[in-house]
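Q: Quick one: the structure is below, and I'll ask about it shortly.
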Amino acid sequence: ETGVTQTPRHLVMGMTNKKSLKCEQHLGHNAMYWYKQSAKKPLELMFVYSLEERVENNSVPSRFSPECPNSSHLFLHLHTLQPEDSALYLCASSQELLDGSYEQYFGPGTRLTVT
Amino acid sequence: AQSVTQPDIHITVSEGASLELRCNYSYGATPYLFWYVQSPGQGLQLLLKYFSGDTLVQGIKGFEAEFKRSQSSFNLRKPSVHWSDAAEYFCAVGATGANNLFFGTGTRLTVIP
Numbered sequence: 024e025t026g027v028t029q030t031p032r033h034l035v036m037g038m039t040n041k042k043s044l045k046c047e048q049h050l051g052h053n054a055m056y057w058y059k060q061s062a063k064k065p066l067e068l069m070f071v072y073s074l075e076e077r078v079e080n081n082s083v084p085s086r087f088s089p090e091c092p093n094s095s096h097l098f099l100h101l102h103t104l105q106p107e108d109s110a111l112y113l114c115a116s117s118q119e120l121l122d123g124s125y126e127q128y129f130g131p132g133t134r135l136t137v138t
Numbered sequence: 214a215q216s217v218t219q220p221d222i223h224i225t226v227s228e229g230a231s232l233e234l235r236c237n238y239s240y241g242a243t244p245y246l247f248w249y250v251q252s253p254g255q256g257l258q259l260l261l262k263y264f265s266g267d268t269l270v271q272g273i274k275g276f277e278a279e280f281k282r283s284q285s286s287f288n289l290r291k292p293s294v295h296w297s298d299a300a301e302y303f304c305a306v307g308a309t310g311a312n313n314l315f316f317g318t319g320t321r322l323t324v325i326p
């Protein structure tokens with residue numbers, strides 16, 4: 024049990040649908056992340072929030088819209104997705120440690136299929 | 214720029230045999246390095262981390278990794294593999310004070326009886 028939960032675990036949506044992915048962390052961390060994991064590709068960092076402010080957006084298409092209402096919750100709003108957006112979406116959280124490093128803790132992911 | 218290379222896409226070992234998964238990194242400053250494991254349908258679980266000090270670090274589930282600065286490597290090892298170790302393993306590198314990590318493409322481990 025990692026202390027990071029994601030819902031739903033599986034999602035099938037049409038290209039015209041609007042849906043949201045939810046992530047919640049119970050670790051008291053102050054940074055949260057969205058990653059996309061596709062087959063045979065490295066993990067792609069999509070968004071980083073630190074202290075509820077977005078600090079990094081790696082040129083993600085606007086059909087993905089993140090929201091971080093507080094340090095424990097992170098959402099990824101989806102609209103007009105494409106089939107190539109089908110992937111495992113992972114949420115992670117972290118806190119800066121005394122040595123200056125960040126250990127990221129991951130949720131189980133949401134398997135998204137776009138039809 | 215930071216990058217991580219895991220040269221082995223897929224490795225098969227027999228249960229009870231030893232294991233070494235390779236990781237090479239590229240980073241200008243002193244990095245901190247991680248190994249994560251991902252079981253099917255699950256998120257990534259942290260196995261171990263290196264930042265400074267002893268170059269041989271111990272992790273969970275009997276894994277260890279050795280940092281070799283001269284070779285820019287951080288290979289993961291286990292002396293005796295169990296069937297439950299079958300999973301995907303990811304190496305990652307980060308920088309001090311930076312909260313993002315760079316991941317390799319992963320190595321899938323198959324364990325045969």
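Chains as they are written, first to last, in the working numbering: chain Z, 24 to 138; chain W, 214 to 326.
All C-beta atoms in this analysis are idealised placements derived from N, C-alpha and C, irrespective of residue type, glycine included.
Which complete beta strand (DSSP E) runs does the region 39-124 of chain Z hold, if anything under 3 residues is left out?
A: Runs of the beta strand (DSSP E) inside the region 39-124 of chain Z: 41-48, 54-60, 67-73, 76-80, 87-93, 96-102, 110-117.
Q: Which chain W residues are close to Z:P65, counting only those with a beta carbon under 7 Å from its beta carbon?
A: Position 42 of the first sequence, counted from the start, is the residue given in the question as residue 65 of chain Z. Neighbours of Z:P65 on chain W, chain order: F316, G317, T318.
Q: Measure from the C-beta of Z:V83 to each C-beta in chain W and report whether the shortest distance is under 9 Å.
A: Against the first sequence, residue 83 of chain Z aligns to sequence position 60. Output row for Z:V83: interface = no.
Q: Give me the chain W residues within the contact set of Z:Y125, using Cβ-Cβ distance strictly less than 7 Å, ordered along the chain.
A: Here residue 125 of chain Z refers to the residue found at position 102 of the first sequence. Per Cβ cutoff of 7 Å: G307, N312.
Q: Run down chain Z in chain order and give the residues with a C-beta less than 9 Å from the C-beta of W:Q271.
A: Translated into positions along the second sequence, residue 271 of chain W becomes position 58. The premise fails here: W:Q271 is roughly 15 Å from chain Z at the closest Cβ pair, so nothing lies under 9 Å.
Q: Z:C91 to W:D221, Cα distance in whole Å?
A: Position 68 of the first sequence, counted from the first residue, corresponds to residue 91 of chain Z. Position 8 of the second sequence, counted from the first residue, corresponds to residue 221 of chain W. Looking at the two C-alpha atoms, the distance is approximately 37 Å.
Q: Buried or exposed: where does Z:W57 fall if 16 or more other Cβ atoms within 10 Å of its Cβ makes it buried?
A: Mapped onto the first sequence, residue 57 of chain Z falls at position 34. Flag for Z:W57 reads buried.
Q: Could you compute how far the alpha carbon of W:Y302 sits from the alpha carbon of Z:E76?
A: Within the second sequence, numbered from 1, the residue matching residue 302 of chain W stands at position 89. Within the first sequence, numbered from 1, the residue matching residue 76 of chain Z stands at position 53. Near 31 Å, if we compare the C-alpha coordinates of Z:E76 and W:Y302.
Q: What in chain Z is Cβ-close to W:Q255, meaning under 8 Å?
A: Locating residue 255 of chain W in the second sequence gives position 42, where the first residue counts as 1. What W:Q255 touches in chain Z: P131, G132.
Q: Counting only the same chain and skipping the five closest in sequence on each side, list residues whose C-beta sits under 6 Å from that of Z:H100.
A: Against the first sequence, residue 100 of chain Z aligns to sequence position 77. Excluding sequence neighbours, Z:H100 sits near S43, S88.
Q: Can you tell me which of the three DSSP states W:H285 falls into?
A: Position 72 of the second sequence, counting from 1, holds the residue named residue 285 of chain W. What sits at residue 285 of chain W in the sequence shown is Ser, not His. Coil, per DSSP.
Q: If you drop the 5 nearest sequence neighbours on each side, which residues of the same chain put their C-beta closer than 6 Å to that of Z:V78?
A: Counting from one through the first sequence, the residue named residue 78 of chain Z turns up at place 55. If we look at Z:V78 and ignore the five residues flanking it on each side, its Cβ neighbours are V71.
Q: Given this structure, state the Cα-to-Cα distance separating W:W248 from W:L289, to the nearest angstrom.
A: Locating residue 248 of chain W in the second sequence gives position 35, counting from the first residue. Locating residue 289 of chain W in the second sequence gives position 76, counting from the first residue. Each residue's alpha carbon lies about 8 Å from the other.
Q: Which whole runs of the alpha helix (DSSP H) in the region 251-279 of chain W are 4 residues long or more, in chain order?
A: The region 251-279 of chain W contains no whole alpha helix (DSSP H) run of 4 or more residues.
Q: Take Z:S73 as the anchor and find which of Z:N81, Z:S116, Z:L121 has the nearest alpha-carbon.
A: As a working note, residue 73 of chain Z is residue 50 in the first sequence. Z:S73 has its Cα closest to that of Z:S116, out of Z:N81, Z:S116, Z:L121.
Q: Under a three-way DSSP split, which group does W:S297 fall into?
A: Position 84 of the second sequence, counting from 1, holds the residue named residue 297 of chain W. In the structure shown, W:S297 sits in a helix (DSSP, three-state: H, G or I).
Q: Note down the Cα distance separating W:S286 from Z:S109, rounded to an integer number of angstroms.
A: Here residue 286 of chain W refers to the residue found at position 73 of the second sequence. Here residue 109 of chain Z refers to the residue found at position 86 of the first sequence. Roughly 33 Å separates the two Cα atoms.
Q: What's the C-alpha gap between Z:K59 and Z:Q105?
A: Within the first sequence, residue 59 of chain Z is the residue found at index 36, counting from 1. Within the first sequence, residue 105 of chain Z is the residue found at index 82, counting from 1. Rounded to whole angstroms, Z:K59 to Z:Q105 spans 14 Å at the Cα level.
Q: Would you tell me roughly how many angstroms separate the C-alpha atoms of Z:S94 and W:T323, rounded to the nearest one?
A: Residue mapping note: residue 94 of chain Z aligns to position 71 of the first sequence, counting from 1. Residue mapping note: residue 323 of chain W aligns to position 110 of the second sequence, counting from 1. Roughly 38 Å between the two C-alpha positions.
Q: Where W:A300 and W:Y240 are concerned, what is the direct C-alpha to C-alpha distance, given to the nearest angstrom?
A: Along the second sequence, one-based indexing puts residue 300 of chain W at 87. Along the second sequence, one-based indexing puts residue 240 of chain W at 27. In a straight line, the C-alpha of W:A300 is about 27 Å away from that of W:Y240.
Q: Nearest to W:S283 by alpha carbon, out of W:S252, W:I273, W:T243?
A: Reading the second sequence from its first residue, position 70 is the one you call residue 283 of chain W. Nearest option by C-alpha distance: W:T243.
Q: Consult DSSP for Z:Q29 and reduce its assignment to one of helix, strand or coil.
A: On the first sequence, residue 29 of chain Z is found 6 positions in, with the first residue counted as 1. Of the three classes helix, strand and coil, the one that applies to Z:Q29 here is strand, per DSSP.
Q: Does W:H223 get closer than 9 Å to chain Z when you measure Cβ to Cβ?
A: Reading the second sequence from its first residue, position 10 is the one you call residue 223 of chain W. W:H223 does not count as touching chain Z.
Q: Classify W:C236 as helix, strand or coil using the three-state DSSP reduction.
A: Residue mapping note: residue 236 of chain W aligns to position 23 of the second sequence, counting from 1. Of the three classes helix, strand and coil, the one that applies to W:C236 here is coil, per DSSP.
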